[in-house]
Amino acid sequence: MLKKTLLVLVVLVVGAAAVLWLGAAASLDWDRSHSDATAALPEFSSAASGLVRINAGSHTFRARVAGLGGTRGNIIALHGFPESSAMWLPLIDAAAEAGFQVVAFDQRGYSPGARPDSVDDYAIDKLGADVLAIADAAGFSDFHLVGHDWGAAVGWWLVLKHPERISTWTSLSIPHIAAFGAAIETDSDQRQRSSYMTLFRTPWLPEQLFAFNKFNLMRTAIYAEHRPDQVEEYLALFAEPGAISGALNWYRAANLADTGDPAVTLPVLFVWGNQDPAVGRAGVDAQQPYLKGEYAELELDAGHWLMETHASLIVPAVLAHLDKHPSR
């Protein structure tokens, strides 16, 4: 009887996995339309504007550039999961109009030309090196850095490891990574908020869940507050085989412990939504001792998708922060 029960359970599990896999595979764009569209983009040049391809390091990145030739300084913007450079369009347009040179690029795993297979290739030092390679390709000896979600985690790492390249730092949602990491370890509320990471680090399964039934989970839950044009861009990106794995490999390779001296002396602007389901107050309050330079905080009655819901407040705050601390 026990053997029969176990056999039935195995059959059910295998059957469910097969249905999940088939439903996910049927949702993918096996023609790789996003890759073809990216390959057709013009290469970056000093006269470029809009969507381009930037060769940086050993990879090619899809990027949005604006304001090239501006004289008020340089900005690099880093998106988070699961978005792209499209999340920064309100900031890109406003900053370019104000005289800044702006580059926002689809990061490793998100750009078709920068999607290695190995999880190890998504370690934080490699993600940070991509940003510096983009800066070098754009001719930015120094730059203002802005990041959200995982882009903010990469930004904190860069601020700690390469402050000589950065004029100011603006982090959306994610507090100082030493404080945030400690909160995950010691604060029960933050531990609960971060519990989804266990699923995201699991092999195979999250890819199937996200893609299943024409990406229904992403459309109806994750992207509920996003504009339709953003959603279509994101889903075109993630519909390509391997793209979701590339984005999830950030979680699988995550190790933010080795940052050296955690003190930050650069000017910092931190923007946080106090209704963020992924980031509680413990890490936000705990970051203050690490911030030795000028610090400003904008707390919003908002959730996680700050640029989607509160760009009208965030963009002026970022530009004021940059104006107060001009580029080197």
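If you're matching positions, the sequence shown starts at 114 in my numbering and goes up one per residue. Glycine included, every Cβ here is placed at the ideal spot set by N, Cα and C.
Legend entry - Nearest-angstrom Cα separation, counted from Phe194 out to Glu412: For the purposes of this step, residue 412 is taken as the residue at position 299 of the sequence shown. For the purposes of this step, residue 194 is taken as the residue at position 81 of the sequence shown. Spanning the two alpha carbons is a distance of roughly 21 angstroms.
Inset, instruction - Compare the beta carbon distance of Asp389 and His423 with 8 angstroms and say whether it is the shorter of the two. - result: Position 276 of the sequence shown, counted from the start, is the residue given in the question as residue 389. Position 310 of the sequence shown, counted from the start, is the residue given in the question as residue 423. Their beta carbons are not under 8 angstroms apart, which means Asp389 does not touch His423 by this criterion.
Inset, instruction - Can you tell me which of the three DSSP states Leu379 falls into? - result: As a first step, residue 379 is located in the sequence shown; it is residue number 266 there, counting from the start. Residue state, collapsed to three classes: coil.
Inset, instruction - Determine the closest residue to Asp234 out of Ile189, Leu271 and Ser171, with distance taken between C-alpha atoms. - result: Your numbering for residue 234 matches position 121 in the sequence shown. Closest in C-alpha terms to Asp234, from the list Ile189, Leu271 and Ser171, comes Ser171.
Inset, instruction - Report all residues from its chain with a CB closer than 6 angstroms to the CB of Leu154; omit the five preceding and five following residues, and keep chain order. - result: Your numbering for residue 154 matches position 41 in the sequence shown. For Leu154, where only same-chain residues beyond five positions count, the Cβ hits under 6 angstroms are Leu164, Val165 and Arg166.
Inset, instruction - Measure from the alpha carbon of Thr283 to the alpha carbon of each residue in Trp363, Pro375, Trp385 and Ala236, then state which is nearest. - result: Within the sequence shown, the letter at position 170 stands for residue 283. The residue with the shortest Cα to Cα distance from Thr283 is Trp385.
Legend entry - Cut-off 6 angstroms between Cβ atoms - residues of its own chain near Leu258, not counting five sequence neighbours on either side: Translated into positions along the sequence shown, residue 258 becomes position 145. For Leu258, where only same-chain residues beyond five positions count, the Cβ hits under 6 angstroms are Ile189, Gly268, Ile279 and Trp282.
Inset, instruction - Please report the residue range of the alpha helix (DSSP H) in which Gly359 lies. - result: The residue you call residue 359 lines up with position 246 of the sequence shown. Ala356 to Arg365 is the extent of the alpha helix (DSSP H) around Gly359.
Inset, instruction - Rounded to whole angstroms, what's the CA-CA distance from Leu419 to Ile427? Just pull it up for me. - result: Position 306 of the sequence shown, counted from the start, is the residue given in the question as residue 419. Position 314 of the sequence shown, counted from the start, is the residue given in the question as residue 427. Leu419 and Ile427 have their C-alpha atoms roughly 8 angstroms apart.
Legend entry - Val272, buried or exposed, once every other Cβ within 10 Å from all chains shown has been counted against 16: In the sequence shown, the residue the question calls residue 272 occupies position 159. Counting Cβ neighbours within 10 Å, Val272 comes out buried, since at least 16 surround it.
Legend entry - Neighbourhood of Arg314 by C-beta, 6 angstroms cutoff - its chain only, sequence neighbours within 5 removed: Taking the sequence shown and counting its residues from 1, the one referred to as residue 314 is at position 201. Excluding positions up to five away in sequence, the list reads Tyr364 and Arg365.
Inset, instruction - Answer yes if the segment 217-233 comes into contact with the segment 173-180, meaning at least three C-beta pairs across the two stretches below 8 angstroms, and no otherwise. - result: yes
Inset, instruction - Would you give the residue range spanned by the beta strand (DSSP E) that Trp282 belongs to? - result: Residue numbering aside, residue 282 sits at position 169 when the sequence shown is read from its first letter. Taken as a continuous stretch (DSSP letters only), the beta strand (DSSP E) holding Trp282 covers Ile279 to Leu285.
Legend entry - Short Cβ contact (8 angstroms threshold) for Ser307 with Ile297: Here residue 307 corresponds to residue number 194 of the sequence shown, with the count starting at 1. Here residue 297 corresponds to residue number 184 of the sequence shown, with the count starting at 1. Yes. Within cutoff.
Legend entry - Separation of Ala295 from Gln305, as counted between CA atoms: On the sequence shown, position 192 is the one that residue 305 refers to. On the sequence shown, position 182 is the one that residue 295 refers to. Here the alpha carbons of Ala295 and Gln305 stand approximately 14 angstroms from one another.
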